[in-house]
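Heads up: the sequence lines are chains U and E, in that order. For the record, in the first sequence the residue sitting at position 121 is 120 according to numbering that gives the first Met the number 0, with numbers rising by one throughout. For the record, in the second sequence the residue sitting at position 23 is 22 according to numbering that gives the first Met the number 0, with numbers rising by one throughout. This report refers to the structure that appears directly beneath it.
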Amino acid sequence: MQLGEIAGLKPAKPMRDVFGDALLELATNNPRVVVLDGDLGNSTKAEHVRHAFPERFFNIGIAESNLTGIGAGLAACGFIPFIVSFSSFLLCNAYDQIRLSIAMSNVNAKVVGSHGGITLGKDGPTQMGIEDLALVGGMPTFVMLAPSDPASMHAAVNAAAAHVGPVFLRSSRIAMPHIYPVDACPFEIGRANVVREGDDVTIIGCGMMVAAGLDAAALLATEGIEARVLDFHTLRPMDVDAIAAAARDTGAIVCAEEHLLQGGMGSNIARVVAQTHPVPMRFVGLDDVYVESADPWDLLRKYHLTAEDIAAAARAAVKAKKAGRA
Amino acid sequence: MRTLTPEQRCNLEEHAYHIRRLSVEMITFGRWGHIGGSFSAAELLAVLYFDQLRLKPEEPHWEGRDRFVMSKAHASPALYAALALRGFFPVEEVYTYCELGGRLEGHTDMTRTPGLEASGGPLGQGLSICVGMALGFALKENSHNRVVCMLGDGECNEGQVWEAAMSAAHYRLDNLIAIVDYNKVMAKGFVRDLMAVEPLGAKWAAFGWDVMEIDGHDISEIADALHQARYVLPRGKPICIIAHTVKGRGVAECEFNYKWHTHAPEPTTADRFLRELARNYGFPEKGYSRLEEDLEKETFYGGGVMIMSDDGTTPP
Numbered sequence: 000m001q002l003g004e005i006a007g008l009k010p011a012k013p014m015r016d017v018f019g020d021a022l023l024e025l026a027t028n029n030p031r032v033v034v035l036d037g038d039l040g041n042s043t044k045a046e047h048v049r050h051a052f053p054e055r056f057f058n059i060g061i062a063e064s065n066l067t068g069i070g071a072g073l074a075a076c077g078f079i080p081f082i083v084s085f086s087s088f089l090l091c092n093a094y095d096q097i098r099l100s101i102a103m104s105n106v107n108a109k110v111v112g113s114h115g116g117i118t119l120g121k122d123g124p125t126q127m128g129i130e131d132l133a134l135v136g137g138m139p140t141f142v143m144l145a146p147s148d149p150a151s152m153h154a155a156v157n158a159a160a161a162h163v164g165p166v167f168l169r170s171s172r173i174a175m176p177h178i179y180p181v182d183a184c185p186f187e188i189g190r191a192n193v194v195r196e197g198d199d200v201t202i203i204g205c206g207m208m209v210a211a212g213l214d215a216a217a218l219l220a221t222e223g224i225e226a227r228v229l230d231f232h233t234l235r236p237m238d239v240d241a242i243a244a245a246a247r248d249t250g251a252i253v254c255a256e257e258h259l260l261q262g263g264m265g266s267n268i269a270r271v272v273a274q275t276h277p278v279p280m281r282f283v284g285l286d287d288v289y290v291e292s293a294d295p296w297d298l299l300r301k302y303h304l305t306a307e308d309i310a311a312a313a314r315a316a317v318k319a320k321k322a323g324r325a
Numbered sequence: 000m001r002t003l004t005p006e007q008r009c010n011l012e013e014h015a016y017h018i019r020r021l022s023v024e025m026i027t028f029g030r031w032g033h034i035g036g037s038f039s040a041a042e043l044l045a046v047l048y049f050d051q052l053r054l055k056p057e058e059p060h061w062e063g064r065d066r067f068v069m070s071k072a073h074a075s076p077a078l079y080a081a082l083a084l085r086g087f088f089p090v091e092e093v094y095t096y097c098e099l100g101g102r103l104e105g106h107t108d109m110t111r112t113p114g115l116e117a118s119g120g121p122l123g124q125g126l127s128i129c130v131g132m133a134l135g136f137a138l139k140e141n142s143h144n145r146v147v148c149m150l151g152d153g154e155c156n157e158g159q160v161w162e163a164a165m166s167a168a169h170y171r172l173d174n175l176i177a178i179v180d181y182n183k184v185m186a187k188g189f190v191r192d193l194m195a196v197e198p199l200g201a202k203w204a205a206f207g208w209d210v211m212e213i214d215g216h217d218i219s220e221i222a223d224a225l226h227q228a229r230y231v232l233p234r235g236k237p238i239c240i241i242a243h244t245v246k247g248r249g250v251a252e253c254e255f256n257y258k259w260h261t262h263a264p265e266p267t268t269a270d271r272f273l274r275e276l277a278r279n280y281g282f283p284e285k286g287y288s289r290l291e292e293d294l295e296k297e298t299f300y301g302g303g304v305m306i307m308s309d310d311g312t313t314p315p
């Protein structure tokens with residue numbers, strides 16, 4: 000079973016390759032773009048830029064703190080640095096540097112956390128970014144993007160460059176199927192996209208969980224439950240209106256993320272729901288756990304991050320709504 | 000060789016004196032700050048801001064300017080004093096140091112203070128930022144900007160300093176100058192006792208830098224070293240100036256005394272310090288300019304009582 004197969008989505012190439020293509024396209028169009036790599040350009044695919052523009056590609060070696068600071072310095076000289084490595088190494092190893100040199104200084108630097116979530120698989124939990132969104136969440140000036148398909152990745156890379164200020168962009172090792180037409184992804188920072196309409200429940204996802212959410216919606220439709228699916232590609236600033244509308248219109252919400260539930264997207268959405276229009280909510284994600292080395296699909300199944308898990312959460316939310324419970 | 004005229008020397012020494020004076024005034028009035036590390040950097044900052052750095056205070060974002068980053072950002076009082084004296088903001092503004100709504104933060108914040116090129120506080124980060132700036136200038140055609148970073152000696156405990164040092168040499172950034180304010184004392188004692196950094200010059204040299212060692216309180220030596228770093232030395236290597244200094248230099252009680260690392264003097268103590276400074280540097284004796292006002296100032300500090308540690312200092 001492939002991601003998006005139940006919903007009939009067209010397969011695509013791995014997101015990291017899409018990211019590399021998008022970054023190269025951006026660097027081709029904008030001479031101010033420079034790429035800073037932590038010796039993982041072949042994994043993150045940032046090396047697409049090295050091949051075309053070696054003078055604007057810097058492999059700083061294995062030193063994430065320095066990598067981050069150098070990026071901040073280049074931004075101070077008017078360049079637009081894309082600092083690219085594994086999400087876990089950047090956020091966990093260089094958090095203080097990202098906080099001071101980029102976030103607090105409010106410089107125009109872009110941090111790309113590749114291999115977000117658990118789907119890097121066999122590399123194991125030490126390399127997985129399961130807390131990256133929570134950590135970026137602790138830095139108030141950052142815009143935070145987690146695109147869900149090839150078109151939205153291209154749009155997100157361009158939006159990150161166009162935004163003046165710190166941006167975090169989450170990339171991934173796995174393939175995410177096409178949700179949008181290749182050249183027609185509506186992408187506005189801070190505005191969630193409705194990718195499926197429905198009145199019974201809303202599934203809010205980011206990254207791969209948008210396609211999983213569409214799969215879940217297809218499963219639910221066979222049971223007579225119509226789910227709205229929101230692509231919550233911007234985690235900050237949050238689309239408060241879209242959340243409130245989902246709560247009002249559908250009366251039940253499921254949040255799905257390839258991240259710890261603690262401090263992730265869902266907990267922030269819950270805060271908005273609680274303050275705008277409280278409705279039953281369920282959450283799909285990693286619940287206070289470090290996972291293990293394994294095939295990505297085995298991990299998603301074992302730790303309950305599949306379309307079936309989202310569908311089960313949606314049924315529970317709908318049931319609670321009908322019973323008038325939380 | 001940069002040979003200063005007696006008049007230029009005198010002038011720079013006077014700036015160093017005023018940097019120390021203003022540091023004491025702002026730390027006392029603001030009830031917070033680092034005296035020791037501000038005093039040790041006074042001559043270095045005087046020569047940088049009044050002889051060596053190319054700046055246009057009236058146009059703080061001028062493209063052709065040199066970039067100075069104070070990585071040991073706890074010496075912010077000395078830096079703010081230099082910026083104010085150089086004309087980036089009014090000297091009177093130093094009395095808003097650490098005040099609500101002011102532009103002079105306890106540790107440096109580039110988003111607030113005119114003339115700052117980077118923010119600082121957590122140690123070890125400034126040199127990496129400077130490597131990025133130097134790399135940026137190297138990428139641009141016909142740029143003559145120099146990037147200067149001041150680090151503390153204790154700061155050289157931080158691993159990131161050496162990551163940055165390694166990368167600066169790798170990219171052959173001879174437009175980059177690191178100055179180590181080697182004042183021999185960190186927050187809780189002597190560097191050599193707490194975490195030895197020696198042989199410091201040999202470490203920088205081993206990382207691929209050209210190294211000079213100077214007396215960091217000698218105006219002429221500083222000016223000559225910075226001049227050489229700009230015009231003589233650049234030969235494919237970044238340049239490190241190890242400036243031997245004295246923590247707290249200028250007031251006997253503060254010299255080499257870690258208790259004056261972070262500690263705001265009482266107004267009457269400040270008055271005594273400022274009179275001593277004037278005597279030591281040969282200026283007409285002058286006390287704390289806000290003594291009366293400060294003695295009457297109401298301060299809220301942990302319920303009205305200053306909380307002192309057992310050695311009589313206020314921890315940060």
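Yeah, the Cβ is synthetic: ideal placement off N, Cα and C, and Gly gets one too.
Per DSSP, the bridge partner or partners of residue i
i	result
glutamate 187 of chain U	U/Arg190
arginine 281 of chain U	U/Val253
arginine 66 of chain E	E/Val146
asparagine 58 of chain U	U/Asp36
isoleucine 18 of chain E	Isoleucine 18 of chain E pairs with nothing; no bridge assigned.
arginine 31 of chain U	In DSSP, arginine 31 of chain U forms no bridge with anything.
alanine 174 of chain U	U/Pro13
Cβ-heavy atom distance, residue i to the ligand HEM, below 7 Å
i	result
leucine 175 of chain E	This structure lacks the ligand HEM; in fact it carries no ligand of any kind.
Residue j beta carbon less than 8 Å from that of residue i
i	j	result
glycine 215 of chain E	glutamate 42 of chain E	yes
valine 33 of chain U	arginine 15 of chain U	no
glycine 68 of chain U	glutamine 124 of chain E	yes
valine 166 of chain U	leucine 132 of chain U	no
cysteine 148 of chain E	cysteine 129 of chain E	yes
threonine 27 of chain E	tyrosine 287 of chain E	yes
methionine 207 of chain U	methionine 237 of chain U	no
alanine 77 of chain E	serine 22 of chain E	yes
glutamate 157 of chain E	alanine 62 of chain U	no
proline 89 of chain E	alanine 83 of chain E	yes
leucine 46 of chain E	alanine 222 of chain E	Note that residue 46 of chain E is valine in the sequence shown, not leucine. Contact flag set, yes.
glycine 31 of chain U	phenylalanine 78 of chain U	In the sequence on display, residue 31 of chain U carries arginine and not glycine. Yes, Cβ-Cβ distance for arginine 31 of chain U and phenylalanine 78 of chain U is below 8 Å.
glycine 128 of chain U	alanine 293 of chain U	no
alanine 331 of chain U	valine 283 of chain U	Absent from the model: residue 331 of chain U. The displayed extent of chain U is 0 to 325, so no value can be given.
alanine 226 of chain U	aspartate 199 of chain U	yes
serine 70 of chain U	leucine 25 of chain U	The sequence given here places glycine at residue 70 of chain U; serine does not occur at that position. Contact flag unset, no.
alanine 311 of chain U	alanine 319 of chain U	no
Closer than 8 Å to chain A by CB, residue i
i	result
aspartate 95 of chain U	Of the protein chains in the structure, U and E, none is chain A.
Environment of residue i [buried if 16+ CB atoms lie within 10 Å]
i	result
alanine 228 of chain E	buried
valine 317 of chain U	buried
threonine 201 of chain U	buried
leucine 99 of chain E	exposed
arginine 98 of chain U	buried
glycine 250 of chain U	buried
leucine 294 of chain E	exposed
lysine 55 of chain E	exposed
glutamine 274 of chain U	exposed
arginine 1 of chain E	buried
glutamine 1 of chain U	exposed
arginine 234 of chain E	exposed
glycine 302 of chain E	With a pLDDT of only 41 at glycine 302 of chain E, under the threshold of 50, the placement of this residue in the model should not be trusted, and no figure is reported.
methionine 305 of chain E	Low confidence applies to methionine 305 of chain E: its pLDDT is 49, below 50, so where it sits in the model is not reliable, and the reading given next is rough at best. Exposed.
tyrosine 289 of chain U	exposed
arginine 172 of chain U	buried
lysine 109 of chain U	buried
Quiz item: Residue ranges of each beta strand (DSSP E) run of no fewer than 3 residues wholly in the stretch 91-161 of chain U, ordered along the chain?
Solution: 109-113 and 142-144
Practice problem: Please name the residues in the stretch 139-170 of chain E whose beta-carbon is closer than 7 Å to at least one beta-carbon of chain U, in chain order. | Solution: Gln159, Glu162, Ala163 and Ser166
Exercise. Give, in chain order, every unbroken run of the alpha helix (DSSP H) that is at least 4 residues long and sits entirely within the stretch 144-209 of chain E.
Key: 158-169, 190-193 and 199-205
Self-check item: Cβ-based contacts, 7 Å cut-off: residues of the stretch 78-93 of chain U near chain E
Solution: Phe78
Quiz prompt | Sequence ranges, beta strand (DSSP E) only - wholly within the stretch 259-304 of chain E, length at least 3 | solution = none
Quiz item: In the stretch 39-93 of chain E, which residue ranges form an unbroken alpha helix (DSSP H) of at least 4 residues, counting only runs that do not cross its ends?
Solution: 41-46 and 75-85
Self-check item: Residues within the stretch 109-139 of chain E neighbouring chain U, beta-carbon criterion of under 9 Å
Solution: Met109, Thr110, Glu116, Ala117, Ser118, Gly119, Gly120, Pro121, Gly123, Gln124, Gly125, Leu126, Ser127, Ile128, Cys129, Val130, Gly131, Met132, Ala133, Leu134, Gly135, Phe136, Leu138 and Lys139
Exercise. With 7 Å as the limit, tell me which residues of the stretch 102-134 of chain U have their beta carbon closer than that to any beta carbon of chain E; keep them in chain order.
Key: Met103, Ser104 and Asn105
Self-check item: Segments of 3+ residues assigned as beta strand (DSSP E) that fall wholly inside the stretch 222-251 of chain E
Solution: 238-243
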